[in-house]
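Have a look at the structure below before the remarks.
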Amino acid sequence: MGVEQKTGNMGVVTTTLEQVVNWSRTNSMWPMLFGLACCAIEMMGAEGARYDMSRFGMELMRASPRQSDLMIVAGRVSRKMAPVVRRLYDQMPDPKWVIAMGDCASCGGVFNNYAVLQGVDEIIPVDVFVAGCPPRPEALIHGVMVLHDKVKKEKLTDWK
Amino acid sequence: MSEAMQKAVSAVQERFGAVVQVFKDETTLVVSADHIEDMMKTLRDEFAFTFLIDVTAVDYMPAEPRFNVIYHLYAMEKKDLLCVRVPVSSVRPQVPTVEKVFPGAAWFEREVWDMFGIRFEGHHDLRRIVMPADWEGHPLRKDYPLGYEEVQFTFNFDEIAGRKPSPKE
Amino acid sequence: MADFREVTVEELRHLVSDRAMSGETMLLNMGPQHPSTHGVLRLLLELDGEIVVNCIPDIGFLHTGVEKTIESKTYAQSEVMTDRLDYLHPLGNNLVYCLAVEKLADLDVPARAQAVRVILAELTRLSSHLIWIGTSSLDLAAMSTFLYAMREREMIMDIMEMCSGSRMMTTYIRPGGLWRDTPVEFESAVRKFIDLMPKRIDEYETLLTRNPLFLDRTRGIGVISKEECIQWGISGPVIRGSGLAYDLRKARPYSGYEQYDFDVPTQTSGDIYGRYLVRVEEMRQSVRIIRQALDKLPFGPVRSSNRKYVPPPRSEIGTSMEALIHHFKLWTEGYPVPKGSVYTAVESPRGEMGVFMESDGGPKPFRCHYRSPSFANLQIMPLLTRGHFVADVVGIIGSIDIVLGDADR
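Encoded structure:
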């Protein structure tokens, strides 16, 4: 629409700045390698050949928080680990998103005691919660797609 | 009980005054804390119980003696499993370490210190292992609360949500 | 959340050498978040250039307080937590818990349940070794083995899902037998899997066993002798890689393992390569055991009929008053287990996993302690890494095969 109708098939597309930036942000979000417990094994299964996360450009798991966009908290966060999680979140550059994978990261899961944080959203802001103990790889991929939808709807004023 | 085990048990009974208990097919020796290191050395050198499987403890509050430190020993050739119990009082929870006899006991004893507060005299490095270094209290004691959070149902959802910590940022 | 206190060097001074204080050697923190620590393990390395002088492991980042929580739940409820301890071997954790309860309560287990337990335990051992071979070779930069291992593992998870509904945390093995009978497709699915597995193991061997890069990185590294293993209480492939054939399935057999014919592989080198060869051979022996168990699989009930501990089938509840009362009692207050204390152990892919359970006659366990193999095996890290390069530390952690959920509980 707009300019293309006048210039024909010249390879020009008009769109808004928001749409372009949001689209490019979703297209290869690099997750940070943050598998803590059993959910990490299902995350590794999601990266395997059957449930392929590489089709989203996400097979490259960056070990360093400075180079990643997405933190998938996979597994239970104990009280000793909580300061480490917060420090890693602070080290990630903007824009950053967090997926709390599994029941333990969302709400404490099966464990309701002195040692486990009841949900990782007590210390970092979470964008998407994925339920399951452990969630199937398909559920994790659904969570990733929900996050992509959320990012695509972001407005200029939300950007940091 | 096999023959080799019978010999070991009677020797320990004579020398260190241990009490024998048999339950299903497991043998337990109850001995006091002063003799534990010598007894471990005897069992290891003379009766071939060279493998220390486990060191743990149980809290029997309010009964006295409050704690029982439990060791499991295994003899590889004869395939015998032996359990040793040491009663420890709550007034002075201390036991000599067996780290010099079995080096593998080091971390198990640290865990018992962390979880129960039982000191091991002579241990080279007694500090917390699974809890954070500045944690107060010994979690597996019976008078330590479980620390659970009340479950949020619809009737108390807002009340608990107000109390839950959340990040400011 | 910012007011936490870190462990300072002052407190660890007695563990590091004097050269660290003057700055001659460097203290490097290989932190809890690291691509190759197989979980959240923190290693404090004291380095002289690139050579490791000392290595101090710091665990506890996955401490879940399972032992305390088990004391406040009934026997049936707390079995759910046990799956999540050694999360690569969930059925093994269930099995050792059930063996302890059955020993305390004198429960009988029917023959079909024993055989299916063996099949599932060996399948779980295979899936754990597949993850081990995938991740430890990924650490040594051989990426294709990881993708191949995941492919086989998906087949095992399909079998688990077919039996119990869940891919990993199944809680399928319950005191008295199994939760319910295996479905009709179970035997053919397992047979299909074990028919193609030996060729796949050959594929992994083609990729790694004679690979000069792999040999360079694993031969002569992380050596431990048989005597040191016994002194430190090490079990599992680590002690079998050093020459002693200690396998609980042969030494203190459980669940009918004495009926099956299998070898216990050993190597004498005691290095990473020896442990690798032991585990690959164990995978082949697991396939052998599954084949024998499947050929001899008897018909019959899969759960004990002792209604004091095992719930009645749903069909009986409508017609029999006792069944209804048993069902009610079991679900509201749980089953009281007789007084006593037992220690039972199982051969997990990591070593000897044992449960020390003490009961005071009530419906909740009085004390349930897990003797975890990863906790015991991690103590020898300083011994193994002394004198090697930093790059070897990664290979050594992979060869001991630790799971932090097991070590921290």
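So the protein lines, in turn, are chains A, B and C.
Taking the numbering used here, the leading residue of the first sequence gets 965, the next gets one more, and so forth.
Taking the numbering used here, the leading residue of the second sequence gets 69, the next gets one more, and so forth.
Taking the numbering used here, the leading residue of the third sequence gets 15, the next gets one more, and so forth.
C-beta: ideal position from N, C-alpha, C; glycine also.
Nearest neighbour of PRO233 of chain B by Cα position, chosen from A:ALA1046, A:THR990 and A:ARG989, turns out to be A:ALA1046.
Secondary-structure assignment with DSSP links ARG1040 of chain A through no beta bridge to anything. Using a C-beta cut-off of 8 Å, the stretch 287 to 301 of chain C makes no contact with the stretch 179 to 188 of chain C, since fewer than three inter-stretch Cβ pairs fall below that distance.
Judged by DSSP secondary structure, LEU1052 of chain A falls within the alpha helix (DSSP H) whose first and last residues are 1046 to 1055. Distance from the Cα of ASP72 of chain C is smallest, within the candidate group B:TYR212, B:GLN220, B:ALA201 and B:ARG209, for B:ALA201.
Residue contact with chain A for PRO164 of chain B: absent (no Cβ-Cβ distance below 7 Å to any residue of chain A). Interface criterion not met: the Cβ of LYS168 of chain B is under 7 Å from no Cβ in chain C. When CB distances to chain C are screened at a threshold of 8 Å, the residues of the stretch 137 to 154 of chain B falling below it are ILE138, HIS140, MET144, LYS147, LEU149 and CYS151, in chain order.
By the 16-neighbour rule on beta-carbons within 10 angstroms, ARG231 of chain B is exposed. Of the residues C:GLY257, C:ALA421, C:ARG423 and C:PRO379, the one whose Cα lies closest to the Cα of LYS210 of chain B is C:PRO379. In the three-state DSSP reduction, ILE73 of chain C falls in the coil class, being neither helix nor strand. If the five residues before and after ARG317 of chain C are omitted, its C-beta is found closer than 6 Å to the C-beta atoms of GLY190, GLY191 and VAL324, all from its own chain and listed in chain order.
Neighbours of ARG364 of chain C across chain B, judged by C-beta separation under 8 Å, do not exist; the nearest C-beta is about 14 Å away. Against chain B, the beta carbon of LYS117 of chain C has neighbours under 7 Å at LYS92, listed in chain order. Annotation: Cβ neighbours of SER86 of chain C in chain B (cutoff 8 Å, chain order): LEU214. Using a Cβ-Cβ cut-off of 7 Å, PHE223 of chain B does not count as an interface residue toward chain C, since no Cβ of chain C sits closer than that to its own. Sorting A:MET1109, A:LEU1120 and A:CYS1003 by C-alpha distance to the C-alpha of ASN991 of chain A places A:MET1109 at the top. Restricting attention to C:THR399, C:LEU397 and C:SER386, the CA atom closest to the CA of ASP422 of chain C is found in C:SER386. DSSP places MET44 of chain C inside the beta strand (DSSP E), whose first and last residues are 40 to 44. With contacts defined as CB atoms closer than 7 Å, VAL417 of chain C and SER373 of chain C fail to qualify as a contacting pair. Under a 10 Å Cβ-count criterion, THR346 of chain C is classified as exposed, with fewer than 16 other Cβ atoms of the shown protein chains found around its own Cβ. The Cβ neighbour count for THR96 of chain B, taken over all protein chains shown within 10 Å, is at least 16; the residue is labelled buried. Counting other Cβ atoms within 10 Å of its Cβ, LYS1060 of chain A reaches 16 or more and is therefore classed as buried. CA-to-CA, the gap between ARG1026 of chain A and SER355 of chain C works out to about 48 Å. Cβ contact annotation for MET108 of chain B (same chain, cutoff 6 Å, sequence separation greater than five): VAL166 and VAL169, in chain order. By the criterion of a C-beta distance shorter than 8 Å, GLU219 of chain C is surrounded in its chain by VAL294, once the five residues flanking it on both sides are discounted. Taking each of C:ILE84, C:ASN320, C:LYS353 and C:VAL204 in turn and checking the Cα distance to ALA337 of chain C, the smallest one comes out for C:ASN320. Scanning chain C for C-beta atoms nearer than 7 Å to the C-beta of ASP122 of chain B yields GLY368, PHE370 and ARG385, reported in chain order.
Neighbours of VAL126 of chain B in chain C, taken as residues whose beta carbon is under 7 Å from its own, are GLU372 and ARG381 in chain order. PHE389, ALA390, LEU392 and GLN393: these are the residues of the stretch 388 to 401 of chain C whose beta carbon lies less than 8 Å from some beta carbon of chain B, given in chain order. When only Cα atoms are considered, ASP100 of chain C and ALA76 of chain B end up about 35 Å apart. Under the Cβ criterion of 7 Å, LYS1044 of chain A is counted among the residues facing chain C. The beta carbon of LEU1081 of chain A lies closer than 6 Å to those of VAL1041 and ALA1046 in the same chain, with the five residues before and after it left out.
Think of a sphere of 9 Å around the beta carbon of ALA229 of chain B: no beta carbon from chain C falls inside it, the nearest being about 18 Å out.
Taken in chain order, the members of the stretch 1085 to 1104 of chain A whose beta-carbon sits within less than 9 Å of a beta-carbon on chain B are ASP1085, GLU1086, ILE1087, ILE1088 and PRO1089. Assignment of GLY191 of chain C by DSSP, reduced to helix, strand and coil, places it in the strand class.
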